[in-house]
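Input: a single structure, listed below in structure tokens.
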Amino acid sequence: MSPSLTTPSPAPTHTLHALATLNPPSNSRTWQSAPHPTQPLVATACADRTVRVYSLTSFTLLHTVSGGHKRSIRSVSWKPGTRGQNVLATGSFDASAGIWRRHESSRQGTIGADEIEQGGGSEGEDEKEEEDEEDYQFSCILDGHESEIKSLSWSPTGQYLATCSRDKSVWIWEEIEDDNFETVAVLSEHEGDVKCVAWHPEEDLLASASYDDTVRLYREDGDDWCQVAYIGGERGHGMTVWWVEFEGPVATIQEKDFRASKEGLSDAQKEWIQEAQKSGPRLATCSDDCTVRIWRRTPKETAETESRNTGVPSIIRSFSVDEDWVADAILPRQHERAVYSVSWSRRTGMIVSAGSDGKVVVYKERWKSQAPNGTEADVDGQKEVESERQKTEWVVVAELFSTHDVFEINHVCWVRRADKGRKSEDEEVIVSTGDDGEVKVWTLEESS
Amino acid sequence: MELDKDNANPTILNPSDLPSRRQESLVKKRDDGGSGLFDNLVPAYNYLNDPFDGPSSSSDSDYDVVENIDEQEIYDLISSISDPEHPLSLGSLAVVNLPDIHIQPPTSPFSSVSTVLVEVTPTITHCSLATVIGLGVRVRLEQALPPRFRVDVRIKKGTHSTDEAVNKQLGDKERVAAALENGTLMGVIRKMLSTCK
């Protein structure tokens, strides 16, 4: 395999500091925490059949969503783009998914994302809203899966909800109107439990990760959803893939990560940036094999150009919807046991991972150092074609042991910081969710 | 519960009374809990508030003393598990064996996580109950050991026709958690563990 494992690991440049433990913790295992797309809220799926909604400004419990599921809630997802209400989808080991709504007071309903982001001075108002007694109401149930639902996720526009299960299938539901869901696809490509589903940030492209050691991608072709890519076999993880997540939109992220500074870039590096724009957001996966890996799409430029030139009606496609996703990198191997979760910051491009060993590890991408004489290492043409593209490398910037005492971490994600200690509009914190029932918030600070 | 035990122990004169008494007290505890089947099952699995549930309370003191748990102690915890088919223990059937238990201490000075690997030997190569036996061993150890232990249960290589598939299931935390919420399966496991000393 081309991605290099021998990434140099310099001393971590950052330190993780405990900021808060969301209070009170659950007295049962917590599985996953979903940050609200715009508000300073996080919803946590718990083994005690509840979802706990915590405030990220006060770090306290605001609501407990309970009474619907007969077994552990494994997964939770906020519907994006709702107005005047908050909508949660819950996926449970009881094989059903639930939809829950909480109508906001009219005043709160008008608060948009921008106001929340600028809301540093209005904590008092936030507190009042948080005390609102109205709770999340059960709205409807989505039945269809034959066994435990492992993960669910709303598409970025809120049009689709994807669910996946031990029954080896991925379902796509479309909300025609409130509480009226239609099954638009049942995808049965996997040969084992489907562990995780994730949507592309800009396209109607869905990825799923499975107990069958593979990752599959789907999109709509005509009226049907079908598999368009497969990552597995020799070039895959070779063990259960626990989590899959897309990179943020490239146009945004390239202004913020290591690509932002265009000074002194070589032609090859500029080319890399262009290629990355064509490929679009990459995919991060993590696995029982203890690795975190990055995959990228091979740009389809050629195929599309050909089809445009033929003038064949789009119904008779001369090109396939198939996509080619190839290995881009294997992150430095820091975990000793299964990696259950990986999250890609939409603000800095950094990646955080966590799992059974209780460690939280943060990585960032950077330009690979060039050959000593200043010429590109691959100019001599002696390198493999694959490695020629390896213009970047991932390094560990922070690592923390025993983040949940001796317990396993089931989920980790980036969240915009919202408490009073926030240093900037864009500051992010890491939220980890553990077997100890605790959801913890961590800041990432540059080591002095 | 603790009181019951202190009172109960001195009154047990005949060792053959022990299993039945223990079974009785387990059932009673569940009734007293009164919050439904799953409430009882779920917290029994790796929970902070009561990780040393039930008969294993003797291992409480080991939580702080890292060196205290050795292979022999692991063996003692699992050898008395009953076989789901036969009225015999896994120890007497040689399904679990002392040389097949391996404890790995923390691999880093910053980590306090130890690993216990138990390789089980099913009585026959196509034994359909291999998964259930493995699950019983995993559940027993996760209930009895302090949470700093990661428990890996595998079928001993070459002793079972589908060992890879069984190992994958037993190693899958999410599948194990879901299995613990399955009333029928947990009934079988409870029965197997009811003979544990």
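If you're matching them up, the sequences are chains A and B in order. Taken in order, the first sequence gives residues 1 to 448; the numbers are from the UniProt record's numbering. Taken in order, the second sequence gives residues 1 to 197; the numbers are from the UniProt record's numbering. Glycine included, every Cβ here is placed at the ideal spot set by N, Cα and C. Bear in mind the structure is a predicted one, so any value in this text is a computation, not a measurement.
Boundaries (first-last residue) of the alpha helix (DSSP H) holding residue i
{"i": "residue 71 of chain B", "result": "71 to 79"}
{"i": "residue 187 of chain B", "result": "183 to 193"}
{"i": "residue 133 of chain B", "result": "130 to 144"}
{"i": "residue 33 of chain A", "result": "Here residue 33 of chain A belongs to no alpha helix (DSSP H); instead the beta strand (DSSP E) covers 30 to 35."}
{"i": "residue 252 of chain A", "result": "250 to 253"}
{"i": "residue 167 of chain B", "result": "163 to 170"}
{"i": "residue 174 of chain B", "result": "173 to 179"}
Residue i classed as buried or exposed, judged by whether at least 16 other C-beta atoms fall within 10 angstroms
{"i": "residue 124 of chain B", "result": "exposed"}
{"i": "residue 186 of chain B", "result": "buried"}
{"i": "residue 83 of chain A", "result": "exposed"}
{"i": "residue 449 of chain A", "result": "In the structure as shown, chain A begins at 1 and stops at 448. Residue 449 of chain A is therefore absent and cannot be evaluated."}
{"i": "residue 381 of chain A", "result": "Confidence at residue 381 of chain A is low in this model, with a pLDDT of 42, below 50, so the placement of that residue is unreliable and no value is reported for it."}
{"i": "residue 262 of chain A", "result": "exposed"}
{"i": "residue 176 of chain A", "result": "exposed"}
{"i": "residue 188 of chain A", "result": "exposed"}
{"i": "residue 161 of chain A", "result": "buried"}
{"i": "residue 366 of chain A", "result": "exposed"}
{"i": "residue 95 of chain A", "result": "buried"}
{"i": "residue 183 of chain A", "result": "exposed"}
{"i": "residue 86 of chain A", "result": "buried"}
{"i": "residue 98 of chain B", "result": "exposed"}
Reference residue i, options the options, closest by Cα
{"i": "residue 130 of chain B", "options": "B:142, B:91, B:84 and B:73", "result": "B:84"}
{"i": "residue 289 of chain A", "options": "A:188, A:336 and A:270", "result": "A:336"}
{"i": "residue 146 of chain A", "options": "A:194, A:155 and A:250", "result": "A:194"}
{"i": "residue 356 of chain A", "options": "B:101, B:113, B:169 and B:79", "result": "B:113"}
{"i": "residue 411 of chain A", "options": "A:287, A:391 and A:326", "result": "A:287"}
{"i": "residue 148 of chain B", "options": "B:115, B:164 and B:175", "result": "B:115"}
{"i": "residue 89 of chain A", "options": "A:60, A:33 and A:62", "result": "A:33"}
{"i": "residue 425 of chain A", "options": "A:13, A:415 and A:100", "result": "A:415"}
{"i": "residue 162 of chain B", "options": "B:121, B:96, B:77 and B:68", "result": "B:121"}
{"i": "residue 27 of chain A", "options": "A:447, A:444, A:439 and A:445", "result": "A:439"}
{"i": "residue 324 of chain A", "options": "A:340, A:185 and A:283", "result": "A:283"}
{"i": "residue 214 of chain A", "options": "A:235, A:361 and A:224", "result": "A:235"}
{"i": "residue 35 of chain A", "options": "A:437, A:418, A:422 and A:409", "result": "A:418"}
{"i": "residue 363 of chain A", "options": "A:334, A:41 and A:167", "result": "A:334"}
{"i": "residue 206 of chain A", "options": "A:91, A:172, A:190 and A:268", "result": "A:172"}
{"i": "residue 331 of chain A", "options": "A:280, A:73, A:423 and A:390", "result": "A:390"}
{"i": "residue 395 of chain A", "options": "A:421, A:408, A:368 and A:76", "result": "A:368"}
{"i": "residue 82 of chain B", "options": "B:168, B:137 and B:143", "result": "B:137"}
{"i": "residue 196 of chain B", "options": "B:80, B:69, B:71 and B:73", "result": "B:80"}
{"i": "residue 192 of chain A", "options": "A:210, A:178 and A:182", "result": "A:210"}
{"i": "residue 43 of chain A", "options": "A:294, A:68, A:78 and A:19", "result": "A:78"}
Coarse secondary structure for residue i, derived from DSSP in three states
{"i": "residue 141 of chain A", "result": "strand"}
{"i": "residue 92 of chain B", "result": "coil"}
{"i": "residue 153 of chain B", "result": "strand"}
{"i": "residue 296 of chain A", "result": "strand"}
{"i": "residue 104 of chain B", "result": "strand"}
{"i": "residue 320 of chain A", "result": "coil"}
{"i": "residue 233 of chain A", "result": "helix"}
{"i": "residue 104 of chain A", "result": "coil"}
{"i": "residue 273 of chain A", "result": "helix"}
{"i": "residue 328 of chain A", "result": "strand"}
{"i": "residue 43 of chain A", "result": "strand"}
{"i": "residue 68 of chain B", "result": "helix"}
{"i": "residue 268 of chain A", "result": "helix"}
{"i": "residue 262 of chain A", "result": "coil"}
{"i": "residue 48 of chain A", "result": "coil"}
First through last residue of the beta strand (DSSP E) which encompasses residue i
{"i": "residue 118 of chain B", "result": "114 to 120"}
{"i": "residue 53 of chain A", "result": "51 to 55"}
{"i": "residue 217 of chain A", "result": "215 to 221"}
{"i": "residue 184 of chain A", "result": "180 to 187"}
{"i": "residue 361 of chain A", "result": "360 to 367"}
{"i": "residue 160 of chain A", "result": "160 to 165"}
{"i": "residue 172 of chain A", "result": "170 to 177"}
{"i": "residue 412 of chain A", "result": "409 to 416"}
{"i": "residue 63 of chain A", "result": "61 to 65"}
{"i": "residue 198 of chain A", "result": "194 to 199"}
{"i": "residue 340 of chain A", "result": "339 to 344"}
{"i": "residue 432 of chain A", "result": "428 to 434"}
Sufficient close CB pairs (3 or more, under 8 Å) joining the segment 174 to 181 of chain B to the segment 196 to 204 of chain A: Judged by Cβ distances under 8 Å, the segment 174 to 181 of chain B makes no contact with the segment 196 to 204 of chain A, as fewer than three pairs qualify.
Inter-stretch contact at 8 Å, needing at least 3 Cβ pairs: the segment 248 to 262 of chain A / the segment 339 to 349 of chain A: Taking 8 Å as the limit for Cβ pairs, the verdict is that the segment 339 to 349 of chain A does touch the segment 248 to 262 of chain A.
Inter-stretch contact at 8 Å, needing at least 3 Cβ pairs: the segment 39 to 57 of chain A / the segment 144 to 161 of chain B: When C-beta atoms of the segment 39 to 57 of chain A are compared with those of the segment 144 to 161 of chain B, fewer than three pairs fall below 8 Å, so the two segments do not count as touching.
Inter-stretch contact at 8 Å, needing at least 3 Cβ pairs: the segment 262 to 278 of chain A / the segment 215 to 234 of chain A: No, the segment 262 to 278 of chain A is not in contact with the segment 215 to 234 of chain A.
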